[in-house]
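Below is one structure, written out as C-alpha cells; the observations come after it.
Numbering (our numbering), first residue to last: 54 to 465.
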C-alpha cells in the first residue's frame with residue numbers, strides 16, 4: 054500500500070468524526086438548542102445505559118469464539134499496558150505543567166484511555182479493502198480484522214469503566230472534599246472573629262493565626278496522636294483506597310454487555326441460539342445490533358455539543374493540550390513498539406501480521422470519546438475535555454497515518 058493511499062485511508066475516518074462533531078456543535082448553538090445542557094445529560098445517560106452496552110455485546114457475540122480467545126490472550130495484557138503507561142505519563146505531565154486541580158482526573162483519563170473501538174473498527178476494514186494491503190486477501194483480512202477490533206473495543210470498555218472511571222471519580226470527589234473543608238475553615242474563622250466584634254477585618258481577610266485557630270477547633274474532637282505500628286498503617290491505607298474505589302463501576306452497563314457478549318460467543322449452544330440467519334433467537338441479536346449502531350454517532354455528537362461549552366468557558370492551558378498530544382502521539386507509540394516487539398521476541402504473540410499491527414495501533418490512538426461522557430457524569434472538566442478532543446482528533450489524521458505506515462513496515 055502506497056503512502057498516499059494509506060494517508061487517505063487513515064484520514065477519511067477521522068474526517069468523518071470531525072464532521073459529526075461539527076454537527077453536534079451546530080445543534081448545541083443557542084439559536085438551535087437541540088443539544089442543550091439538559092439534552093446532553095439525557096443523551097449521555099442513554100448512551101451509557103443502552104447504546105454502548107449494545108454495541109460491545111452484539112459485536113463481541115458475533116465475532117468472538119473460544120478458540121479466538123485462547124489465541125488472542127495477549128491483547129488484554131497489551132491494552133492494560135496502554136492504560137498503565139498512559140496514566141504514568143499523565144501523572145508526570147501533571148507534575149510538570151501544574152494544571153488546575155479540577156483537570157487532573159481529565160488529564161489522567163485522556164492519557165490513559167485511547168479510542169480502542171470506534172477508530173480501529175473503521176480504519177482496519179478500510180485498510181483490508183485496499184488492493185495493495187500487506188495483510189493478504191481482503192475478505193479474510195476483514196474477518197480477522199473485525200474480530201481483533203471488536204475484542205479491542207470490548208476489553209477497552211472494561212478497563213475504561215473499571216480503571217479510568219474510578220480515577221476520574223476519585224479526583225472529582227477529592228476536589229469536592231477540599232472545597233467543603235475550605236468552606237468549613239472559613240465558617241469557623243468567621244465564628245472566631247464574631248466573638249471579637251473589633252476583628253471584622255480579620256474575618257474578611259483571615260490571618261494565619263485565625264486559620265490556625267480554625268484548624269484547632271476542627272481537630273479538637275480528635276483523639277490524641279498515638280504511635281501506630283507499620284501493619285496498622287498499611288491496613289489504614291488499604292481501607293482508604295477501598296473506600297474511594299467504586300466497585301460497582303466495574304460492572305457498569307458496558308462491562309455487563311461485554312460479559313454477555315463473551316458468554317454468547319464462547320459457548321456454542323448459546324451462540325447457535327442467537328447468532329446466525331437460522332438462529333431461533335436471532336431477533337434479539339438483531340435488535341442489540343440496531344441499538345449498538347447508534348452508539349458511535351451519539352457519542353460523537355455529544356462531544357461536538359460539549360465543544361460549544363468549551364469555547365464559551367475558560368481556556369484550557371496550552372501546555373496541557375501540548376502535553377497530552379505528546380503523550381498520546383509520541384511517547385505512548387514509542388513505548389508500544391518496545392512492548393510489542395519484546396512480546397514477539399519472547400514468542401508471546403503469534404505471527405499474524407494483522408494481529409501485531411492492531412496491538413501496535415492501540416498505542417497510537419486519540420483519547421476515548423467516552424472520556425467526555427465520564428466528565429459529563431461528574432460535571433468536572435467538561436469544557437476543557439471538548440477542547441482537548443478537538444485538538445487530539447484534529448491531529449489524529451496525521452499522527453495515526455504516520456504511525457500506521459511505520460507499524461505496517463515493521464510487521465510485514
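For every residue, glycine included, the Cβ atom is placed at its ideal position computed from N, Cα and C.
Limits of the alpha helix (DSSP H) - the one that residue i falls within
{"i": "residue 395", "result": "385-398"}
{"i": "residue 422", "result": "Looking at the DSSP string, residue 422 is not in any alpha helix (DSSP H), and its letter there is neither H nor E."}
{"i": "residue 214", "result": "Segment: none, residue 214 is in no alpha helix (DSSP H) and carries neither H nor E."}
{"i": "residue 154", "result": "Here residue 154 belongs to no alpha helix (DSSP H), and DSSP marks it neither H nor E."}
{"i": "residue 107", "result": "105-116"}
{"i": "residue 127", "result": "127-150"}
{"i": "residue 173", "result": "171-182"}
{"i": "residue 377", "result": "371-379"}
{"i": "residue 447", "result": "435-464"}
{"i": "residue 92", "result": "90-99"}
{"i": "residue 120", "result": "119-124"}
{"i": "residue 406", "result": "406-414"}
Reference residue i; option with closest CA among the options
{"i": "residue 92", "options": "359, 144, 461 and 431", "result": "359"}
{"i": "residue 418", "options": "103, 209, 150 and 114", "result": "209"}
{"i": "residue 163", "options": "135, 128, 391 and 173", "result": "135"}
{"i": "residue 213", "options": "86, 168, 201 and 150", "result": "168"}
{"i": "residue 106", "options": "178, 309 and 156", "result": "309"}
{"i": "residue 196", "options": "178, 393 and 108", "result": "178"}
{"i": "residue 471", "options": "130, 354 and 219", "result": "In the structure as shown, the chain begins at 54 and stops at 465. Residue 471 is therefore absent and cannot be evaluated."}
{"i": "residue 342", "options": "108, 76, 393 and 86", "result": "108"}
{"i": "residue 104", "options": "391, 348 and 147", "result": "348"}
{"i": "residue 406", "options": "181, 354 and 376", "result": "181"}
{"i": "residue 156", "options": "127, 119, 440 and 132", "result": "440"}
{"i": "residue 369", "options": "74, 154 and 87", "result": "154"}
{"i": "residue 465", "options": "187, 159, 142 and 81", "result": "187"}
{"i": "residue 305", "options": "81, 393 and 100", "result": "100"}
{"i": "residue 64", "options": "124, 175 and 117", "result": "175"}
{"i": "residue 307", "options": "125, 387 and 345", "result": "345"}
{"i": "residue 361", "options": "69, 90 and 198", "result": "90"}
{"i": "residue 410", "options": "392, 84, 133 and 119", "result": "392"}
{"i": "residue 428", "options": "127, 161, 330 and 133", "result": "161"}
{"i": "residue 390", "options": "329, 456, 76 and 421", "result": "456"}
{"i": "residue 375", "options": "422, 333, 404 and 448", "result": "448"}
{"i": "residue 13", "options": "83, 205, 158 and 373", "result": "The requested residue 13 does not occur in the structure, where the chain is confined to residues 54 to 465."}
{"i": "residue 373", "options": "194, 142 and 334", "result": "142"}
{"i": "residue 420", "options": "140, 333 and 78", "result": "140"}
{"i": "residue 125", "options": "325, 330 and 198", "result": "198"}
{"i": "residue 463", "options": "331, 95, 86 and 404", "result": "404"}
Beta carbon of residue i nearer than 8 Å to that of residue j
{"i": "residue 381", "j": "residue 445", "result": "yes"}
{"i": "residue 442", "j": "residue 356", "result": "yes"}
{"i": "residue 408", "j": "residue 102", "result": "no"}
{"i": "residue 426", "j": "residue 97", "result": "yes"}
{"i": "residue 385", "j": "residue 138", "result": "yes"}
{"i": "residue 431", "j": "residue 222", "result": "yes"}
{"i": "residue 166", "j": "residue 211", "result": "no"}
{"i": "residue 80", "j": "residue 88", "result": "yes"}
{"i": "residue 132", "j": "residue 415", "result": "yes"}
{"i": "residue 215", "j": "residue 314", "result": "no"}
{"i": "residue 67", "j": "residue 453", "result": "yes"}
{"i": "residue 387", "j": "residue 127", "result": "no"}
{"i": "residue 117", "j": "residue 203", "result": "yes"}
{"i": "residue 351", "j": "residue 337", "result": "no"}
{"i": "residue 170", "j": "residue 205", "result": "yes"}
Any non-hydrogen atom of the ligand FMN closer than 7 Å to residue i Cβ
{"i": "residue 174", "result": "Ligands in the displayed structure: none, and consequently the ligand FMN is not present."}
Cutoff 8 Å: residue i Cβ touching any chain D Cβ
{"i": "residue 175", "result": "The structure shown has no chain D; it contains just one protein chain."}
Task: Segments of 4+ residues assigned as alpha helix (DSSP H) that fall wholly inside the stretch 312-349 - done: 321-327 and 335-345
- [ ] Say whether the stretch 107-118 touches the stretch 316-324, bearing in mind that this needs 3 or more beta-carbon pairs closer than 8 Å, one atom from each stretch.
- [x] yes
Open item on the list: Pairs of beta-carbons, one from the stretch 380-400 and one from the stretch 424-436, closer than 8 Å: are there three or more?
Closed with: no
TODO: Decide if the stretch 145-155 is in contact with the stretch 372-381; the criterion is three or more beta carbon pairs, one per stretch, under 8 Å apart.
DONE: yes
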